[in-house]
Structure formats: structure tokens, C-alpha cells
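Report on the structure given below.
2 protein chains.
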Amino acid sequence: MKILVTGGAGFIGSHLCESLIERGQEVWCVDNLYLGSEENIRHCGNSDRFHFEKFDMLDTARLNSLFKQSDIDTVFHLAANSDIQQGSVNHEIDLKLTFLTTYEVLQAMRRHKVSRIFFSSSSAIFGDTGKNKFHEDFGPARPCSLYGAAKLAAEAYLSVFAKMFGFQVWILRFPNVVGERSTHGVVHDFIRRLKENPARLEVLGNGLQRKPYLYVKDLVQAILLIVEKAKDSPAIYHAAGEGLTTVREIAEMVVDEMGLKGIPVLYQSANGGWVGDVPFYQYDNSKIADLGFKPKYNSTEAVRVAIQKTLGKK
Amino acid sequence: MKILVTGGAGFIGSHLCESLIERGQEVWCVDNLYLGSEENIRHCGNSDRFHFEKFDMLDTARLNSLFKQSDIDTVFHLAANSDIQQGSVNHEIDLKLTFLTTYEVLQAMRRHKVSRIFFSSSSAIFGDTGKNKFHEDFGPARPCSLYGAAKLAAEAYLSVFAKMFGFQVWILRFPNVVGERSTHGVVHDFIRRLKENPARLEVLGNGLQRKPYLYVKDLVQAILLIVEKAKDSPAIYHAAGEGLTTVREIAEMVVDEMGLKGIPVLYQSANGGWVGDVPFYQYDNSKIADLGFKPKYNSTEAVRVAIQKTLGKK
Numbered sequence: 020m021k022i023l024v025t026g027g028a029g030f031i032g033s034h035l036c037e038s039l040i041e042r043g044q045e046v047w048c049v050d051n052l053y054l055g056s057e058e059n060i061r062h063c064g065n066s067d068r069f070h071f072e073k074f075d076m077l078d079t080a081r082l083n084s085l086f087k088q089s090d091i092d093t094v095f096h097l098a099a100n101s102d103i104q105q106g107s108v109n110h111e112i113d114l115k116l117t118f119l120t121t122y123e124v125l126q127a128m129r130r131h132k133v134s135r136i137f138f139s140s141s142s143a144i145f146g147d148t149g150k151n152k153f154h155e156d157f158g159p160a161r162p163c164s165l166y167g168a169a170k171l172a173a174e175a176y177l178s179v180f181a182k183m184f185g186f187q188v189w190i191l192r193f194p195n196v197v198g199e200r201s202t203h204g205v206v207h208d209f210i211r212r213l214k215e216n217p218a219r220l221e222v223l224g225n226g227l228q229r230k231p232y233l234y235v236k237d238l239v240q241a242i243l244l245i246v247e248k249a250k251d252s253p254a255i256y257h258a259a260g261e262g263l264t265t266v267r268e269i270a271e272m273v274v275d276e277m278g279l280k281g282i283p284v285l286y287q288s289a290n291g292g293w294v295g296d297v298p299f300y301q302y303d304n305s306k307i308a309d310l311g312f313k314p315k316y317n318s319t320e321a322v323r324v325a326i327q328k329t330l331g332k333k
Numbered sequence: 020m021k022i023l024v025t026g027g028a029g030f031i032g033s034h035l036c037e038s039l040i041e042r043g044q045e046v047w048c049v050d051n052l053y054l055g056s057e058e059n060i061r062h063c064g065n066s067d068r069f070h071f072e073k074f075d076m077l078d079t080a081r082l083n084s085l086f087k088q089s090d091i092d093t094v095f096h097l098a099a100n101s102d103i104q105q106g107s108v109n110h111e112i113d114l115k116l117t118f119l120t121t122y123e124v125l126q127a128m129r130r131h132k133v134s135r136i137f138f139s140s141s142s143a144i145f146g147d148t149g150k151n152k153f154h155e156d157f158g159p160a161r162p163c164s165l166y167g168a169a170k171l172a173a174e175a176y177l178s179v180f181a182k183m184f185g186f187q188v189w190i191l192r193f194p195n196v197v198g199e200r201s202t203h204g205v206v207h208d209f210i211r212r213l214k215e216n217p218a219r220l221e222v223l224g225n226g227l228q229r230k231p232y233l234y235v236k237d238l239v240q241a242i243l244l245i246v247e248k249a250k251d252s253p254a255i256y257h258a259a260g261e262g263l264t265t266v267r268e269i270a271e272m273v274v275d276e277m278g279l280k281g282i283p284v285l286y287q288s289a290n291g292g293w294v295g296d297v298p299f300y301q302y303d304n305s306k307i308a309d310l311g312f313k314p315k316y317n318s319t320e321a322v323r324v325a326i327q328k329t330l331g332k333k
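Protein sequence lines, in the order shown, are assigned to chains A and B. Just so you know, the first sequence maps onto residues 20 to 333 in the numbering used here. Just so you know, the second sequence maps onto residues 20 to 333 in the numbering used here.
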């Protein structure tokens, strides 16, 4: 395969580029370096099957020219705003970086007769369902963050490109993903705050939010598995580490791994951590398990490994 | 109420403006006259509670200035591309006229502290479900037209504005709507073609597509009912005339009402009429019935009345 990874210098994108090169693929990595960094992909540069171009996916002239010059046959579209909280401060970023980039990538693909696309979606499309273990066909999807709305809007267009224009579309709805190179999220946040002030940890919300976490390298295995094996279109999958982990457990693990046991950890009374947060969700993972997906780490193990990797301990 | 009706000079918008004025409301009607016409709202001009401004909803300067100058408290956002087939020829129109207008209206409302919005959605968000009588919470929504994708994307953002910013959002998913001033659709199409050539009628598809039709004035009653009575947010409703009507029945009724009985009506072998068409769907109407909605005409009666009105017979 000749592959375009959009957002390829980001947290998840850089791990994906790595795995694709290891598997012998030729990879064009495009990133505007808004959240990504060249540092993330420096090691990929050792391969002559890796090409990096810095531009924004809304720069359609650059995008068209890339498709024209290369024989790209498959796109992994990971370029997006990945910080849900940031999207409630700056309203434009989810619309532009997540939704409109998807629209422009789809239109450019159609123009250049490229019709295979993987898309990184999210549990945030569902909003706060209150349901236990929802599967891929669950509905209705009623997002409560601009991040979730942009992902759902993108899924709507991907559905049409699958059904109307014959695209092979794979959608994986990510859970909370953790690991080295992460740029935000609860693990990243706690470590950053404790480095600033190791005397105490203040937690947003009551710490009882329970969610499934997945280690980034397990996520990349899930992505590659569905692109290899799923033949329906749109092929939609959920993936998460087994079990759920509370924010309190994460706080304790971070404090423990940083050697700060005994410091005060302070909680608030509110349930959700911030506006647009969904305090509880749980995927039914049986569909991707049927494809053969077995993550190396369960949810709580994934968090601990991510903490250790981020601290450079492993 | 002081009301903004976007797309107010269009087919459905003009009937809505009429009813709002009759009920004593003050109405600002905005339309870019892309599908609408001043002819449609000429009679509304007799009321000094009716104001018409011609501009595009993506002209945010004009939109902001309108909110600033008026005390508008409620928006009926009907501006959209309403021609599904046209959207598969010109890919930009659903994105711009339907989705991005909704996004810009929501952002302008937030800036000017206006938080009540009615949105005209569509059964097209669901795609071809193959299901019988789906209710408002049905999922997943997998559209198969760019029109449906744009409506679903708009619904996603409306959900967030309801949940994150406290907007009162009403969504009515329209069925096939028929009546005088319609600019496209099967009734309009058959009449136009038979006026051009009364010797025969060629039908796209096999004519077995079965859908529920609603007369435009019944639809306006449904809109006003949910805005008056529904208090949840987003409040989502379906409405359609009772029963289903096939394209064959519509063809026969048009031929009959035009006095052309006996001319050949020619069908094709394909099931759907055109790319992106959903050949069968049926709403569960019980939720809006519980609010007290009783349409005057069932589906097939609605079609006949629309034919008669369009021909100027009634």
C-alpha cells in the first residue's frame, strides 16, 4: 500500500506511521504541526519509505498536488483537533480541523480516484448515553461537545461517500487513548501538574468518572486489523481496553509512579470534569474481538504503562 | 414572539411566515432567493409585522446586524438546499446552504443571546434503514445522500448547543412535503414534464418507491405545535401524513387531474429513482400525535390536494 497519514506527526499518528513503516509500507505523513511535532516522527525519517510534508489539510492546492505526484491508494485520516476541552474555548477548531478537513480529504480523494479511507472517530459522538456497553449500531447519537459534533458530522459524510461513491470506509471509534507523546488528557495533565507542584494534586470533578483506556500501541493494532480484515463499508468498530478505570485510580497511579505517595489529592463535588465531558461510557467490544483483536493491556494496565512511558521509566 | 424565519421566501418558509403573521407574531423573513422568490411572500407584505431582507445566511455581517437591530427571540431555520438530487450534482450546496448556514446561525444566536431555534431536518439522515416505522430515537443514522449528511451534521451541532449552551432546540424531521410553491420533487416534476409533453410520462425507477407525504399547511401546524408545546431540548419529532403513497399512484393522480387519462406511463426496472434516493421509509408518528397533532390530509390525500393546488384547481 502507498499510504497518506494525515495528522501523522501527532500522538497517535506518529505511532501509526511507525507501525506502517515496520510493515513495509510507503508512507506520506502530512501534518500542520498544530498539535504534532517533528520530534514525534524523527525516528521514522531513517526509512526511505517515509516522506514528511508540513501543510494544513485545508490547503487543498497542496493536498491535490500530493495526490497528483504520488500513487497514494489509502488514506488514514487522523488530522483533527484531539483536545475536547480546547474545542469549548475556541469554537472554530473542531469545525475546521476535524470536520472540514474530513470533507476536503474526501473531495480530494474523489477527484484523484482514491477510495480507501480510515477515519478516527470517538465515543464522544454519542454524548452521555447512560447506557451500559453500547455497540457499533447504537443510536441515537446526541453529542454534548463540539468535538463530538464534528466527529459525528464527519461520520455522516463518510457514510455517504461509502454508499454513494463506493468508497471503502473504515471507522474506528477511539476510547480514551494513552501513551507516550500524548499532548493532553488526564494522565498527561496530572503528570504536568505534579511536575509544577509536587506537594498536592487538584482534580477537576469528583474523580468518579469511569472510562475505558487503551494503550496507543494496542490502538494502532486495532486500526491495522480492521483495515486488513473488515470488508463492509462503512465498516464501523469500537475498541477499548478491557474494564474501566476511574479518575481516582489514575490520580493514585500517577502519584505512586512519581514517588509522591502521601501527598493530598483534592476532589471537587461535581460529577463531570468539565463542560462537554461524558463521565461514564463503556463500549461493547465484541465486534472487533470477532476480528481477532486482543489488546496487550486492559484499561488500568494501559494507564500505568502510559504513566511509566511518559515518565521515561520504561 | 419576535421571529426570524431563514429561508422564509421558500416553499415551506413562505407558508410558515403566513401562519406566524396570522397568529399575530412579528416576522423577519431572510432569504437569498436561491430557491425562494419574492412572489411567494408578496401577500405577507400587507402586514406591518412582516419584514423581508434579502441576504445569504453565510453573510455573517448582515446576520449579526439583523440580530443587533431587532429583538428577535426565536429563529426558525429553514434556509437550506431542499433539492436532494441537485446536491449530488453540485457537492458544495448541501455543505454550504444546509450545514454551514446552521453553524453560522447558531454562532450568531449565541453572540446575541438568542437561544430558541427550530430546525427543519429530514428522514434522509437515516439513509435506507429497511425498517418499518422508525421513531425519533432510532439509530444508527447512516445517510446515503449529501443532503442527508448535511442535515445530520446540523443536528449534531444543534444537540451540542442544546446540551452545552442551554439552547431550546426543536427539530422536526420532515417527510416528503407537497403543496403549492414547491420547487421540486415528484409531484412538481410530473406536472412540469406533462406540461412539456402531454403525450406520455416517463418515470425514474420502477415507481414502487413508497413514502409518506404531508401537505405543507399540515406541516406548518406540526412546526407550530412542537414549538408551542415541547419543552425538552433537543426536542425531536417526526411528522407525516397517515399511510404511504407509491410513485405509481402519484403518476396516476397527476395524469388524472391533468385530464390525460389513457396516456402511456413508462417505468424503468431500477428500484430507487436516483442516486441517494431512499425507496421506502415510514415514520412512527406517535410522539407528535401525543402532542395533539392531527393532519387534515393523509398521505395520498395530501398528494392529490397538492396536485390540484399546483394546477390552480383549488
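For every residue, glycine included, the Cβ atom is placed at its ideal position computed from N, Cα and C.
1. Looking at the C-beta of V133(B), does it have a partner C-beta in chain A at a distance below 8 Å?
2. F157(B) touches chain A at which residues, Cβ-Cβ below 9 Å?
3. Label S134(B) either buried or exposed according to how many other C-beta atoms from any shown protein chain fall within 10 Å of its C-beta, with 16 as the threshold for buried.
4. Grab the span of the beta strand (DSSP E) containing Q187(A) for me, first residue to last.
5. If we ignore side chains and look at the alpha-carbon of each, how far apart do A172(B) and E276(B) end up?
6. Mind checking who E221(B) pairs with in its DSSP beta bridge?
7. Quick check on the burial criterion: 16 or more other C-beta atoms within 10 angstroms. Buried or exposed for L125(A)?
8. By the three-class DSSP mapping on this structure, what secondary structure does Y122(B) have?
9. Which whole-angstrom value is the C-beta distance of N225(A) and Y286(A), which I expect to be below 8 Å?
10. With S139(A) and L82(A) assumed to form a contact (beta carbons below 8 Å), what rounded beta-carbon distance in angstroms separates them?
11. I think G146(A) touches R161(A), with their Cβ atoms under 8 Å apart; what is that distance to the nearest whole Å?
12. Listed in chain order, which residues of the segment 172-197 of chain B have Cβ atoms closer than 7 Å to some Cβ of chain A?
13. In whole angstroms, what is the alpha-carbon distance linking D92(B) and L310(B)?
14. Output the boundary residues of the beta strand (DSSP E) element that contains C48(A).
15. Using a Cβ cut-off of 8 Å (strictly closer), state whether S288(B) contacts chain A.
16. Measure how close the beta-carbons of I190(A) and I255(A) come, nearest whole angstrom, since I'm counting them as under 8 Å.
17. Check each residue of the segment 104-126 of chain B: if its Cβ is closer than 8 Å to any Cβ of chain A, include it; give the result in chain order.
18. Taking 8 Å as the threshold (C-beta atoms), are S89(B) and I60(B) in contact?
19. What does the alpha-carbon distance come out to for the pair R129(B) and F118(A)?
20. Compare the C-beta of L165(A) against all C-beta atoms of chain B and say whether one is closer than 8 Å.
21. Would you tell me roughly how many angstroms separate the C-alpha atoms of L177(B) and I282(A), rounded to the nearest one?
22. Just list the beta strand (DSSP E) runs in the segment 65-120 of chain A, keeping only unbroken ones of 3 residues or longer that don't cross its boundaries, in chain order.
23. Quick check: what's the CA-CA separation for L238(B) versus I40(A)?
24. Verify the CB distance criterion: does C224(B) have a CB-CB separation below 8 Å to chain A?
25. Beta carbon of I210(B), beta carbon of M272(B): below 8 Å?
26. By how many angstroms is the C-alpha of L220(B) removed from the C-alpha of L213(B)?
27. At a CB-CB cut-off below 7 Å, which residues of chain B make contact with P162(A)?
28. A28(B) by DSSP, collapsed to three states: which one?
29. Just mark R42(B) as buried or exposed, buried being the case when its beta carbon has 16 or more other beta carbons within 10 Å.
30. Among Y122(A), V197(A) and Y302(A), whose alpha-carbon lies nearest the alpha-carbon of E174(A)?
31. Are any of the Cβ atoms in chain B nearer than 8 Å to that of G295(A)?
32. Going by other Cβ atoms of all chains shown within 10 Å of its Cβ, with 16 needed for buried, is N109(B) buried or exposed?
33. Between which residues of its own chain and T79(A) is the CB-CB distance below 7 Å, once the five residues before and five after are set aside?
34. Quick one: give me the first and last residue of the beta strand (DSSP E) that H257(A) is part of.
35. Taking Cβ positions only, does G27(B) come closer than 8 Å to chain A?
36. Under 8 Å, CB to CB, which of the residues in the segment 55-71 of chain B have a partner in chain A?
Working from what's here:
1. Residue mapping note: residue 133(B) aligns to position 114 of the second sequence, counting from 1. Answer no: the Cβ-Cβ gap between V133(B) and chain A never drops below 8 Å.
2. To locate residue 157(B), count along the second sequence from 1; it is residue 138. In chain order: G158 and P159.
3. Numbered from its first residue, the second sequence carries residue 134(B) at position 115. Buried: at least 16 other Cβ atoms inside 10 Å.
4. Counting from one through the first sequence, the residue named residue 187(A) turns up at place 168. Taken as a continuous stretch (DSSP letters only), the beta strand (DSSP E) holding Q187(A) covers Q187 to F193.
5. Looking up residue 172(B) in the second sequence gives position 153. Looking up residue 276(B) in the second sequence gives position 257. Cα to Cα, the separation comes out at about 39 Å.
6. As a position in the second sequence, residue 221(B) is number 202, starting the count at 1. E221(B) is bridged to L285(B).
7. Against the first sequence, residue 125(A) aligns to sequence position 106. By the neighbour-count rule (16 or more Cβ atoms within 10 Å), L125(A) is buried.
8. Walking along the second sequence from the start, residue 122(B) turns up at place 103. Helix at Y122(B).
9. Walking along the first sequence from the start, residue 225(A) turns up at place 206. Walking along the first sequence from the start, residue 286(A) turns up at place 267. Yes, N225(A) and Y286(A) are in contact; Cβ-Cβ is about 5 Å, under 8 Å.
10. The sequence position of residue 139(A) within the first sequence is 120, counting from 1. The sequence position of residue 82(A) within the first sequence is 63, counting from 1. About 18 Å; that fails the 8 Å criterion.
11. Residue numbering aside, residue 146(A) sits at position 127 when the first sequence is read from its first letter. Residue numbering aside, residue 161(A) sits at position 142 when the first sequence is read from its first letter. Correct: roughly 4 Å between the Cβ atoms.
12. A172, A175, Y176, S178, V179, K182 and M183
13. Translated into the one-based positions of the second sequence, residue 92(B) becomes position 73. Translated into the one-based positions of the second sequence, residue 310(B) becomes position 291. Taking the straight line joining both Cα atoms gives about 23 Å.
14. Sequence index remark: in the first sequence, residue 48(A) carries index 29 (1-based). Note, C48(A): beta strand (DSSP E), E45 to D50.
15. What you label residue 288(B) is simply residue 269 of the second sequence in a count that begins at 1. Not an interface residue.
16. Stepping through the first sequence from its first residue, residue 190(A) is reached at position 171. Stepping through the first sequence from its first residue, residue 255(A) is reached at position 236. I190(A) to I255(A), Cβ: 5 Å. Contact.
17. S107, H110, L114, F118, Y122 and Q126
18. Walking along the second sequence from the start, residue 60(B) turns up at place 41. Walking along the second sequence from the start, residue 89(B) turns up at place 70. Taking 8 Å as the Cβ cut-off, I60(B) and S89(B) do not qualify as a contacting pair.
19. What you label residue 129(B) is simply residue 110 of the second sequence in a count that begins at 1. What you label residue 118(A) is simply residue 99 of the first sequence in a count that begins at 1. Their backbone Cα atoms lie some 21 Å apart in a straight line.
20. Stepping through the first sequence from its first residue, residue 165(A) is reached at position 146. Closer than 8 Å to some Cβ of chain B, the Cβ of L165(A) qualifies, so yes.
21. As a working mapping, residue 177(B) is identified with position 158 in the second sequence. As a working mapping, residue 282(A) is identified with position 263 in the first sequence. Cα to Cα, L177(B) sits roughly 43 Å from I282(A).
22. Entirely contained in the segment 65-120 of chain A, the beta strand (DSSP E) runs reaching 3 residues are, in chain order, 69-73 and 93-96.
23. Residue numbering aside, residue 238(B) sits at position 219 when the second sequence is read from its first letter. Residue numbering aside, residue 40(A) sits at position 21 when the first sequence is read from its first letter. If I take the Cα positions, the gap works out to 57 Å.
24. Sequence index remark: in the second sequence, residue 224(B) carries index 205 (1-based). Here residue 224(B) is Gly; the residue named in the question, Cys, does not match the sequence. No, its Cβ sits nowhere closer than 8 Å to a Cβ of chain A.
25. Residue numbering aside, residue 210(B) sits at position 191 when the second sequence is read from its first letter. Residue numbering aside, residue 272(B) sits at position 253 when the second sequence is read from its first letter. It is not a contact, given that the beta carbons lie outside the stated cut-off.
26. Numbered from 1 along the second sequence, position 194 holds the residue referred to as residue 213(B). Numbered from 1 along the second sequence, position 201 holds the residue referred to as residue 220(B). Distance between the alpha carbons of L213(B) and L220(B): 7 Å.
27. By one-based count along the first sequence, residue 162(A) stands at place 143. Chain B residues near P162(A): A175, S178 and V179.
28. Walking along the second sequence from the start, residue 28(B) turns up at place 9. A28(B) falls in the coil class under three-state DSSP.
29. The count along the second sequence starts at 1 and reaches residue 42(B) at position 23. By the neighbour-count rule (16 or more Cβ atoms within 10 Å), R42(B) is not buried but exposed.
30. Within the first sequence, numbered from 1, the residue matching residue 174(A) stands at position 155. Measuring from the Cα of E174(A), the nearest candidate turns out to be Y122(A).
31. Counting from 1 along the first sequence, the entry for residue 295(A) is found at position 276. It does; some Cβ of chain B falls within 8 Å.
32. Counted from its first residue, the second sequence places residue 109(B) at position 90. Exposed, by the Cβ-count rule.
33. Along the first sequence, read from residue 1 onward, the residue named residue 79(A) stands at position 60. Answer for T79(A): E123 and A127, listed in chain order.
34. For this step, residue 257(A) is matched to residue 238 along the first sequence. Segment A254 to H257, the beta strand (DSSP E) holding H257(A).
35. Position 8 of the second sequence holds residue 27(B). Judged by the 8 Å Cβ criterion, G27(B) is not in contact with chain A.
36. none
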